[in-house]
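First to last, the protein sequences are chains A and B.
Just so you know, my numbering puts 36 at position 36 of the first sequence, and the rest follows in order with no gaps.
Just so you know, my numbering puts 171 at position 52 of the second sequence, and the rest follows in order with no gaps.
For reference, the structure discussed in these notes is given below.
Protein chains: 2
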Amino acid sequence: MPKKSAASRLRLRVLLTPDIALGPGKAELLERVQDTGSISAAGRQMGMSYKRAWDLVDAMNRVFDEPVVLASKGGSGGGGAVLTPFGTRVLARYRRIEQTCAEAAAADLRWLSAHCASP
Amino acid sequence: MPKKSAASRLRLRVLLTPDIALGPGKAELLERVQDTGSISAAGRQMGMSYKRAWDLVDAMNRVFDEPVVLASKGGSGGGGAVLTPFGTRVLARYRRIEQTCAEAAAADLRWLSAHCASP
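Have a look at this one:
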């Protein structure tokens, strides 16, 4: 049976409500806010507008019972932003879900990869 | 802490290649082909055009080393289609991945749900 070199991977999102999901994009945005201390810089690194990045952060702040990011409206620099301790825990839970699911699904993912046609 | 009645749920897709994923939509389409014996009827039940449904089936038939659906070009009725035994196995693997991931992530999903704001 022909084998594909690339393995099948999971991509998952958590539907927190029917309308609001936490997925790879929002998780990456939180990490980049943590790294850069700025919503605009985090969004820029991901090729999104400040408004888009801010809307995603705002959606997360509203869906949870504590804020995940605290932002200060600033001047020309756009102000600073920090991932809260709660935001750090949310992010860690999401990354752990990704990890545990990848492990739980490993055998089935291998089976699917083994049955993919050669490139 | 306020609890939300709705539990957080996982939505996952398997990236078979960087471009082709098997997710909830394709899985449902395969099930509906199995139930209806028709790609057009399956697509219609999901509100998609025959072309869209056929393109999705075609993508799956190409990405795997065996077809998941066999279709006969028909007349006015659009021909019939069957899920192959291989397609049945692919579908079962996907559903099992969903199930095992939901179980593996249950504690983290409960934590996230418990920290969602009241509606």
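Cβ atoms here follow ideal geometry from the backbone N, Cα and C, with glycine treated the same way.
- Taking 8 Å as the CB threshold, residue 236(B) lines the interface with chain A.
- Its chain contains 232 as the residues whose beta carbon lies nearer than 6 Å to that of residue 126(B), once the 5 sequence neighbours on both sides are disregarded; these appear in chain order.
- With fewer than 16 neighbouring CB atoms inside 10 Å of its own CB, residue 138(B) falls in the exposed class.
- For residue 100(A), the closest Cβ of chain B is nearer than 8 Å.
- Residue 16(A) sits in coil when the DSSP states are folded into three classes, being neither helix nor strand.
- The CB of residue 104(A) comes closer than 9 Å to the CB of 216, 219, 220, 222, 223, 224 in chain B, given here in chain order.
- For residue 231(B), the chain A residues whose Cβ falls inside 9 Å of its Cβ are 14, 16, 22, 64, 90, 93, 94, 97, in order along the chain.
- Counting the other CB atoms within 10 Å of its CB gives residue 105(A) a total of 16 or more, which places it among the buried residues.
- The contact set of residue 108(A) on chain B, defined by CB atoms closer than 7 Å, consists of 212, 215, 216 in chain order.
- Only residues of its own chain outside the window of five on either side were considered, and among them 12 have a CB closer than 7 Å to the CB of residue 98(A), listed in chain order.
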